[in-house]
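Step one of this worksheet: look at the structure below.
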Amino acid sequence: MLLVQRVVLNSRPGTDGEPVPGHFRVEEAIVGPFLKEGQVLVRTLFLSVDPYMRCRMNEDTGAEYLAPWGLSECVDGGGVGVVELSRCDGLSVDDMVTSFNWHWQTQCLMDEKLLQKVEPQLVDGHISYFLGAVGMPGLTALLGVREKGHVTDGANQTMVVSGAAGACGSVAGQIGRVDGCTRVVGICGSDEKCRVLVEDLGFSAAVNYRQGDVATALKESCPNGVDVYFDNVGGPISDAVIAQMNNDGHVILCGQISQYNKDVPYPPPLCDETREALKSKNITRERFTVLNYMEKHEAGIIQLSQWVREGQIKVGGNLRQIIQRCWRR
Ligand SMILES: NC(=O)C1=CN([C@@H]2O[C@H](COP(=O)(O)OP(=O)(O)OC[C@H]3O[C@@H](n4cnc5c(N)ncnc54)[C@H](OP(=O)(O)O)[C@@H]3O)[C@@H](O)[C@H]2O)C=CC1
Ligand SMILES: CCCCCC(=O)/C=C/[C@@H]1[C@@H](C/C=C\CCCC(=O)O)[C@@H](O)C[C@H]1O
1 MLLVQRVVLN SRPGTDGEPV PGHFRVEEAI VGPFLKEGQV LVRTLFLSVD
51 PYMRCRMNED TGAEYLAPWG LSECVDGGGV GVVELSRCDG LSVDDMVTSF
101 NWHWQTQCLM DEKLLQKVEP QLVDGHISYF LGAVGMPGLT ALLGVREKGH
151 VTDGANQTMV VSGAAGACGS VAGQIGRVDG CTRVVGICGS DEKCRVLVED
201 LGFSAAVNYR QGDVATALKE SCPNGVDVYF DNVGGPISDA VIAQMNNDGH
251 VILCGQISQY NKDVPYPPPL CDETREALKS KNITRERFTV LNYMEKHEAG
301 IIQLSQWVRE GQIKVGGNLR QIIQRCWRR
């Protein structure tokens with residue numbers, strides 16, 4: 001038997017509330033004693049804190065593919081770790097593995113079918129990348145741009161990305177550049193993040209939405225209007241971007257993080273002006289969910305890891321809110 005530490009949901013913020021540390025608590029638990037056939041014991045190395053988790057804190061998540069976290073139950077999400085004991089044919093001790101349903105627990109027993117083996121050499125040993133640029137957020141950027149963005153090399157397109165310094169946005173903007181957009185402009189929440197986007201990640205320009213008027217700054221940085229918008233945030237920032245979009249443009253409806261602490265359905269309703277702008281300018285705005293493209297994930301991971309190794313896509317390590325604490329036995 002093993003004594004482990006785990007994080008459980010202590011209380012819910014309510015659909016309109018801000019999440020705070022007190023909504024969680026850390027407690028000790030016992031794991032084992034027996035490993036069943038088809039199970040492994042894994043040690044947690046990295047956990048990912050993602051926006052959709054706010055929805056899992058509600059009793060009703062608002063999305064059919066998201067189960068609510070239970071009160072006093074261990075929370076779960078994306079994680080990577082190492083196999084310590086195995087009763088599976090497909091996994092051996094010391095294999096690195098990942099899952100969308102990793103328990104926030106120092107060590108846990110997991111069924112083989114919930115795990116995917118990962119190859120550390122794909123990311124030169126930086127296994128936390130499997131939760132970021134070479135994981136679900138990177139796939140969201142790649143498949144979002146490719147499936148919904150209509151980016152065409154040589155078409156002189158301008159792409160805008162909101163939430164641009166985040167895990168998905170920072171990769172989406174770089175893919176826009178790789179795929180041939182002439183200008184890629186990021187929107188984020190600090191001057192330091194703007195500097196990183198332009199100087200380190202190769203964005204053409206960046207707008208700090210906390211300083212000055214977003215519409216004015218966008219006019220300056222997108223003199224030819226906006227053709228493709230990778231929308232991570234929704235709300236007034238997205239209204240300002242859509243108002244400056246060209247005819248026949250495309251919105252990639254990836255997420256609406258600015259609305260997750262509100263009691264609204266997903267996707268949240270648009271204001272009349274934005275609805276009218278989309279219609280009159282013939283702009284597409286299709287909902288995108290990375291889980292709907294599972295058959296493209298393996299090739300996507302290979303492509304993303306290659307770009308990262310070659311330096312075409314830079315990983316904004318200090319921009320990502322990954323819990324980088326190595327939990328030890
Ligand atoms: N459709 C899909 O399949 C998927 C969708 N998503 C969605 O993509 C989006 C980005 O996720 P991800 O990159 O992983 O998240 P991150 O946590 O890495 O980044 C999110 C960023 O959003 C910004 N933000 C937060 N609140 C607000 C606000 N009120 N207004 C404007 N910006 C805000 C913050 O940056 P700053 O401080 O710079 O404002 C924050 O760092 C989310 O909406 C998420 O739900 C994610 C994965 C899959
Ligand atoms: C209503 C909220 C929409 C938020 C959009 C978003 O961020 C979507 C993210 C998902 C995320 C889902 C993760 C795991 C699914 C299984 C969890 C469970 O309930 O057991 C990601 O992994 C893929 C995105 O589509």
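In terms of UniProt numbering, the sequence shown is residues 1 to 329.
Built from N, CA and C at the ideal position, the CB exists for glycine as well.
Note that this is a predicted model, so its numbers are computed, not measured.
Using alpha carbons as the reference points, say which of Lys193, Cys194, Glu199, Val151 lies closest to Arg177. Val151
To the nearest angstrom, how far is the alpha carbon of Asn58 from that of Arg285? When rounded, the distance between both Cα atoms is 27 Å.
Measuring straight from C-alpha to C-alpha, what distance separates Gly154 and Arg210? 33 Å
Asn246 by DSSP, collapsed to three states: which one? Strand at Asn246.
For Phe24, which beta-bridge partners are listed by DSSP? Leu9
Given 6 Å as the limit, tell me if Thr140 has its C-beta closer than that to any heavy atom belonging to ligand 1. Because some heavy atom of ligand 1 lies under 6 Å away, the Cβ of Thr140 counts as near it: yes.
Thr289 Cβ short of 6 Å to ligand 1 heavy atom set: yes
So what's Asn292 in DSSP terms, helix, strand or just coil? helix
Expected contact under 8 Å - CB spacing of Phe165 and Val185 to nearest Å: According to the sequence shown, residue 165 is Ala rather than Phe. Contact doesn't hold; Cβ gap of about 13 Å is too wide.
Residues in its own chain within less than 8 Å of Ile237 by CB, not counting five upstream and five downstream? Ser162, Ile187, Tyr209, Val214, Ser258
Over the uninterrupted beta strand (DSSP E) stretch that includes Ala165, give me the two end residues. Neither: Ala165 is in no beta strand (DSSP E) and is coded neither H nor E.
Tell me which same chain residues have a C-beta within less than 6 Å of the C-beta of Ala29, skipping the five on either side of it? For Ala29, where only same-chain residues beyond five positions count, the Cβ hits under 6 Å are Val4, Arg6.
Could you tell me whether any non-hydrogen atom of ligand 1 is closer than 6 Å to the CB of Asn58? For ligand 1, no non-hydrogen atom lies closer than 6 Å to the CB of Asn58.
Does ligand 3 have a heavy atom nearer than 6 Å to the CB of Cys271? What this structure holds is ligand 1 and ligand 2, not ligand 3.
How far does the alpha helix (DSSP H) with Met57 in it extend, from its first residue to its last? Here Met57 belongs to no alpha helix (DSSP H), and DSSP marks it neither H nor E.
Contact test: Asn292 Cβ vs ligand 1 heavy atom, cutoff 6 Å: no
Quick one: what's got a C-beta closer than 6 Å to Ser72's C-beta in the same chain, skipping five residues either side? Val8
Closest by CA to Ser128, which one among Asp200, Ser99, Gln256? Ser99
Proximity below 7 Å, CB of Leu304 to CB of Gly138: yes
Say yes only if the C-beta of Tyr52 is nearer than 6 Å to one or more non-hydrogen atoms of ligand 1, and no if none qualify. yes
Roughly how many whole angstroms lie between the Cα atoms of Ile301 and Ile242? Spanning the two alpha carbons is a distance of roughly 31 Å.
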